[in-house]
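**Q** Residue numbers (the working numbering), protein chains in the order written: chain A, 3 to 454; chain B, -6 to 422; chain C, 192 to 523.
Backbone N, C-alpha and C define an ideal beta-carbon position, used for all residues, glycine too.
Just so it is clear, the structure is predicted and the values come from calculations on it, not from any experiment.
I'd like to ask you about the structure that follows.
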Amino acid sequence: MQLLKSTITAFCLILASPPLWAEPSEAQKAEWRARREAMGGEAPSEAQRAEWRARREAREAAAGVASAPAVDVPEKAKMPPAMAGHVHAMPGAAPSGQPAANAAGKMAAGAAPGKPASAGAPPEAASGRPVGMAMRGGSGPLWLADSPPSRGDAPARGGMSGMGGMGGMNMGGPRNGPPSKRLWLRAGSDPQKSGFAREDAEAPTEVVLVRPQGAPAGEVLPPGEDGKRNLSFEMPVQGFYRLYATSRKLQGDTLNVSVAKAEIANFSHGGDEEERAQGMAAQRVLESALIEIVRERAADEKMFFQLKSGDEQAYLVLQKGLPVQGARVRFVSYEGWSKEVLSDEQGRVVFRIVRDYFPAWEEFRKRFKASYLIIAEANAAEKGTYKEQPYSNVRYQATLAGSYYPSPADYRSYAWGLGIGLLIVLFGGTAVYLYRRRRVKPYREVHFDDGR
Amino acid sequence: MANETSGVIPIQPVPYARSRQAGEAQTVLDHIVDDFQDNPQAMQYFYDLFRRVYCHGEAVPHSGKLVGTTCIQAPEELIYAFGATPVRLCNGSYHYDQRGADFMPAKSCSLVKATLGMLSSETVIPKLGKPDLVVNPTTCDQKKKASAMIEGMGYAVHDLEFPNVKESEAARVYWRRSVREFASELRKLTGQRLSRAKLKAAMAMTGRAQAAFRQLHNFRRQAPSLILGKDAFLVTNAYFFDDIERWTAAVEKLNAELAERQAAGFRAVQSKAPRVVFTGSPPIFPNLKLPLLIEEAGGVVVADETCSANRMLYDMTAVDEWLLGDMVDSLADKYLKPCTCPIFTRNDDRKRRLRELVSQFNADGVVYQAFSGCQVYEMEFRSVAEEFNAAGIPILYIETDYSPDDQGQLSTRIEAFLESLKNRKKQRA
Amino acid sequence: MTAAESVLQRVRGAVNRVDFNRFRFWFQLVAFVLFVYGGYLAIDLGSKLPFFSCGYNQEGRAGVCYLLPLQHQLGRSWAMLFSVASLVILTGFLTFAAWFIVLNKGWCGFVCPLGTLQDWITLLRRSLGIRFASYTHGQFAQLTRIKYVLLALMILIPLGIGGGFLSPDSSPPFCLICPARMLLPIFTGDFSQFTIDFSSKTAIFMTALGISVTGLFLVGSFVKKRFFCFFCPMSALHYLISKAALFKLKKDGSKCTRCGDCYAVCDMEIKEIADDVTRPDIMTDDCTLCLKCVASCPEPGALKATFVGIPIFESTEEGFIKRMNKACKHGK
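The following block contains the structure:
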């Protein structure tokens, strides 16, 4: 009993002693601060914004010469990407100014959608990154992301995303209102570094939102302020919200149809159960989508699903609800590794998510959210006219972005766990046994030998 | 004339049944049986038992080794579990009391004198045979000192160390160790090992006896009473030496008869008879002087708090895990924790028990007997009296011993007390 | 006596004579199956349960132990915690309290899966003939405070996480050291809680501490009856709000002979149950309301379990004699 008591006291002391708590690193603290601000810090002041704008313009001026392709770039492309890709800003959210400015310097190739990529290899290729599936130009595929382009090498979202906080979603909205979601339309095939998609008058983007318990064909989102694209919506109901950003562009006699899709799973533990059940079981295919990628859900998949490195994930490529065979489907991982397969007769492809998160061990974060991109392409020989121009081929491109997290096998050890447990049980058991045996022995007096 | 007075006629040895000692027992027993009406039929067993053992000096058979105990705290379940037979040595005979007075101080407790007197005689009545071991719990002073004396008389004595403070944890541990030591002593005596099955069987046996007693105890709650206190005392006194299973069967028969009596609305006493709770030094046959006086005077002893009756059989043992360690420890707890013997430093439990008995049995008053020389009971009277006076319950203190000389005086006092109880009842009604 | 009254009397008598240990064993078994496997039948009793229906048992749980959502809620950022959004913490607590007051600490003694697990380990020990351990009075007095320390830590550490002083890897702090987190999912085949999480120093420490506590729990509950219940912060939390409970343990001190039978059978070794003859509300902070004391009391009416004042289970002589004799004869 003495042993037990002292062990318990020791444990309590350990629990209470501050030095043994892991000191969060400065980087982590900074992230947490940023996330807190994102969740409800104050909006940057006008002065701050002006400063950022000035800095961005300076950088642009310096970088613009080196990275712009040597082709005629329409006036619009020269517009700061921030304005081009400006979406309906949420009050109090981090401004898109500075991150976009940083990103602009790195992905200028993606800043001019719809332009021929006659500049040769875009700077992306120079850094060893694979060439994005340019739409017959230097631009990359359009895709919907739930985070703006990252700043430098830091991941787009803080390490505390995932289950910590608000389920890994960038939620905003007034405190007592329904959560709302904001998406960004980015262009490029690098999940980390693709910048904002530029506005293109020739390729307007039609945005359709399919709500759970809403019209199956979805509704068009109204345009946002200043005529900008509106990519935010409220999520009052539990279920899957799907956003489709379709754009068409004619290039020669080929019509490029690009459908960027985002699927947001809005579930919470509280709330109406029936609504949740309905949401979970709902159809996730848009009949009217010209082409789309649907992530296949397992029958027993739970509400909060997280894809982990090492998992297998299947996707379906559908056109107007029907499977597409032979579509070229590419999976691009966070670090830029990619794999391309063809879809089978059910339009299905399966990818095994790679493990490409190899930081130094001290910086390993188990909730590190890495984005990946699925790009599917299919060609069809269809004839028609678009804006009074004829075309004889259609190239369909669908994108779907998602996230994956490090596999628990990377940081969890059964051997250690069971080992320590077994050790404690054996130690404790032996201690109890010896204590009990000792009690039974007769008391032995200490004998002093006076003879010597 | 010479041949008529040639030799002295030697005195023939008298058979026990005609001895003065037997005469004493005979007188009391006859009084119990004949001078009261409507004794329960089932009591015949007990009357016969006492007649045979105390009046005729019949031998009482036992199985296995005989272990004599001098106090109720000696765990008899353990003795049974080792295949031995326990017998309570406490004696109530005036004959032995006088014998003991030869070597005991003048102001000693009659009970201890009688017990020692008995042990030092050649004929020990009840005739059980010589105990192979005498277990003497170290309770009151006189019993403690008796240890060495009993050993001097040629008996093997085991001092069962009983704590004098019962509230402390140390006391509980000490007593548990004592009981365990006692168990190993019994093992040496009997040469048998203690096994779970045997202890369980022993506890089942005593449990059954305790259950039978409880039923009897509960029947005595009935007002007007179904059975007189003198019979109840006889029943419990028989437990000292009678075979436990026979005793239990006899009590169960008695209970059945009492149930019939209850159903038939039988009354053993007048409805106005004062109900008395008897407490203090234990009345042991043939010294049932006070209870008999009370009932002769028209009262009825409905309950008692003495170690020759209620306290011996009332408390029951609860065991959580039927493993030897827990069983023996639970037994030890049962003999210590609820014990209301006055040898403890504090007597809160005794006072509460008395109060509860008075209220449960609807008693009108309490008669507190203390043997002269019994320091502990005499001293405790003060606090008990305070408690009862504060509660407005009449209490009569009688200091007496085994000698029959003070019967007249006592009966006067008792009659007066009972009168006052009757008056109080009339006033309250 | 009317017919209804005599029927009631007979029912009461039968209840008071029940073979209590067997009744409790089956009740606990049913409750265990319900709360460890009920999720498979889509049973969901909410996340405010006042006992360890472990939330980490994702597949089978029929509800979640309140401590899990409580720690998560308390671990919110301070901006959010000290805002109106935290009204949900208050409503959550009230729901918990509503569940609690129905059975008071009887949830511990009859329903809690971890408690049941400990009782099964005790049965194992008993069948092996190994005797149990007990605390001395001094040890008891000291060790009983630990549950309050754990309760305080369980509240303070999430506050620290919310304030940014502590790493979120230490959330939820009590769940990380609770043996139920590791042992209950085993019953649905989930051994994943037996890992040490090496992703951060805090995670290593907490998961190692958790597995150590589980090891100690296994050794401790083998030798001591209901070992963990002594240190349980849920028990401390219960006791703080137990005044309002509907189900109570009452003692009539005047009937008590202080025989100590109740103390002898008490798993938690509570002395007050035997020695305190003044307080009618005899439940202490360690009590699990297993009612073994009531079942082992030979004095009629001395101990009773009451629901809204109505005695449900009382100590009676016949009940005692029947139970002890049965145990004596058939031995279990």
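Mind listing the chain C neighbours of serine 323 of chain B? Cutoff is C-beta to C-beta under 7 Å, in chain order.
**A** Simply Ala455.
**Q** Quick one: residues in its chain with C-beta nearer than 7 Å to the C-beta of leucine 357 of chain C, no 5 flanking neighbours on either side, listed in chain order?
**A** Ile348, Gly351, listed in sequence order.
**Q** Please name the residue, chosen from C:Lys462, C:Glu196, C:Phe422, C:Glu490, that lies closest to arginine 336 of chain C on a Cα-to-Cα basis.
**A** Answer by Cα proximity: C:Phe422.
**Q** With 8 Å as the threshold, decide whether the Cβ of aspartate 388 of chain C is near any Cβ in chain A.
**A** With 8 Å as the cut-off, aspartate 388 of chain C counts as an interface residue toward chain A.
**Q** Please report the distance separating the alpha-carbon of valine 210 of chain A from that of alanine 247 of chain A.
**A** Answer to the nearest angstrom: the Cα atoms are 6 Å apart.
**Q** Pull up the CB-CB distance for valine 331 of chain A and leucine 409 of chain C, whole angstroms please, since I reckon it's below 8 Å.
**A** Between leucine 409 of chain C and valine 331 of chain A the Cβ distance is about 51 Å, and since that is not below 8 Å, they are no contact.
**Q** Applying the 10 Å Cβ sphere with the 16-neighbour rule, what's the burial state of leucine 200 of chain C?
**A** The identity of residue 200 of chain C in the sequence shown is glutamine, whereas the question assumes leucine. By the 10 Å Cβ count, glutamine 200 of chain C comes out exposed.
**Q** Is methionine 111 of chain B close to chain C? Criterion is C-beta to C-beta, closer than 8 Å.
**A** It does not; no Cβ of chain C falls within 8 Å.
**Q** Against chain A, does glycine 354 of chain C count as a neighbour if the rule is that its beta carbon must be under 8 Å from one of theirs?
**A** Closer than 8 Å: no.
**Q** Per DSSP, which one or two residues make a beta bridge with leucine 257 of chain A?
**A** For leucine 257 of chain A, which the question treats as bridged, DSSP gives the partners A:Leu252, A:Val396.
**Q** For alanine 95 of chain A and leucine 424 of chain A, what's the separation of their Cα atoms in angstroms?
**A** Confidence is the limiting factor: at alanine 95 of chain A the pLDDT is only 39, short of 50, which leaves the residue's position unreliable, though a coordinate-based value still follows. Taking the straight line from one Cα to the other gives about 50 Å.
**Q** What residue range is occupied by the uninterrupted beta strand (DSSP E) comprising aspartate 152 of chain B?
**A** Run containing aspartate 152 of chain B: 150 to 153, per the beta strand (DSSP E) assignment.
**Q** Use the C-beta contact count for methionine 345 of chain C: other C-beta atoms within 10 angstroms, 16 or more gives buried, fewer gives exposed.
**A** Methionine 345 of chain C should be labelled buried.
**Q** What's the C-alpha gap between cysteine 48 of chain B and serine 404 of chain B?
**A** Spanning the two alpha carbons is a distance of roughly 26 Å.
**Q** Spell out the partners DSSP gives arginine 188 of chain A in its beta bridges.
**A** Note: arginine 188 of chain A sits in a beta bridge opposite A:Trp145, A:Phe198.
**Q** DSSP beta-bridge partners for tyrosine 328 of chain B?
**A** Looking at the DSSP assignment, tyrosine 328 of chain B forms no beta bridge with any residue, so it has no partner.
**Q** Check the Cβ of valine 468 of chain C against every Cβ in chain B and list those closer than 8 Å, keeping chain order.
**A** Simply Arg345.
**Q** Are the Cβ atoms of alanine 257 of chain B and valine 293 of chain B separated by less than 8 Å?
**A** Their beta carbons are not under 8 Å apart, which means alanine 257 of chain B does not touch valine 293 of chain B by this criterion.
**Q** Sort A:Arg35, A:Leu288, A:Val442, A:Tyr435 by Cα distance to lysine 263 of chain A and report the nearest one.
**A** Answer by Cα proximity: A:Leu288.
**Q** Expressed to the nearest angstrom, what Euclidean distance is found between the alpha-carbon atoms of phenylalanine 307 of chain A and alanine 496 of chain C?
**A** Distance between the alpha carbons of phenylalanine 307 of chain A and alanine 496 of chain C is about 47 Å.
**Q** What residues of chain B sit near phenylalanine 216 of chain C, judged by a beta carbon separation below 9 Å?
**A** The contacting residues do not exist; phenylalanine 216 of chain C stays about 14 Å from chain B at best.
**Q** Does phenylalanine 366 of chain A have its Cβ less than 8 Å from a Cβ in chain C?
**A** Yes - at least one Cβ of chain C is within 8 Å of the one on phenylalanine 366 of chain A.
**Q** To the nearest angstrom, report how far apart proline 20 of chain A and aspartate 235 of chain C are at their CA atoms.
**A** Low per-residue confidence applies at proline 20 of chain A: pLDDT is 47, beneath 50, and the placement is therefore not dependable, though the value from the model is reported in the following sentence. Those two C-alpha atoms are separated by around 39 Å.
**Q** Using the rule of at least 16 other Cβ atoms within 10 Å of the residue's Cβ for burial, across every protein chain shown, is phenylalanine 370 of chain A buried or exposed?
**A** By the 10 Å Cβ count, phenylalanine 370 of chain A comes out buried.
**Q** Checking 8 Å against the spacing of the C-beta atoms, do valine 456 of chain C and alanine 204 of chain B come in under that value?
**A** Not a contact, by the Cβ cut-off of 8 Å.
**Q** Give the residues of chain A in contact with phenylalanine 385 of chain C, contact being defined as C-beta atoms less than 9 Å apart.
**A** Chain A residues near phenylalanine 385 of chain C: Tyr416, Gly419, Leu420, Gly423.
**Q** What first and last residue would you give for the alpha helix (DSSP H) that runs through glutamate 160 of chain B?
**A** Neither: glutamate 160 of chain B is in no alpha helix (DSSP H) and is coded neither H nor E.
**Q** Compute the Euclidean distance between the alpha carbons of glutamate 508 of chain C and leucine 306 of chain B, then round it to the nearest angstrom.
**A** Distance between the alpha carbons of glutamate 508 of chain C and leucine 306 of chain B is about 14 Å.
**Q** Could you tell me if alanine 302 of chain B is buried or exposed, where buried requires 16 or more neighbouring beta carbons within 10 angstroms of its beta carbon?
**A** Answer is buried; the Cβ neighbour count reaches 16.
**Q** Pop quiz: threonine 299 of chain B and proline 335 of chain B are said to be a contact at Cβ under 8 Å. What is the actual Cβ separation, rounded to whole angstroms?
**A** Not quite, the Cβ-Cβ distance comes to about 11 Å (not below 8 Å), so this is no contact.
**Q** Give the list of continuous alpha helix (DSSP H) stretches no shorter than 4 residues that lie fully inside the stretch 64 to 103 of chain B.
**A** Entirely contained in the stretch 64 to 103 of chain B, the alpha helix (DSSP H) runs reaching 4 residues are, in chain order, 69 to 74, 87 to 94.
**Q** Span of the alpha helix (DSSP H) holding leucine 367 of chain C?
**A** First-last of the alpha helix (DSSP H) with leucine 367 of chain C: 364 to 368.
**Q** Between the stretch 261 to 281 of chain A and the stretch 357 to 375 of chain A, are three or more C-beta pairs nearer than 8 Å?
**A** Judged by Cβ distances under 8 Å, the stretch 261 to 281 of chain A makes no contact with the stretch 357 to 375 of chain A, as fewer than three pairs qualify.
**Q** Excluding the five sequence neighbours on either side, which residues of its own chain have a C-beta within less than 6 Å of the C-beta of methionine 146 of chain B, listed in chain order?
**A** Leu112, Ser113.
**Q** Could you check if phenylalanine 291 of chain C is buried or exposed, using at least 16 other CB atoms within 10 Å of its CB as the buried criterion?
**A** Burial call: buried.
**Q** What does a CB cutoff of less than 7 Å around tryptophan 339 of chain A pick up in its chain, not counting 5 residues either side in sequence?
**A** Contacts found: Val356, Asp358.
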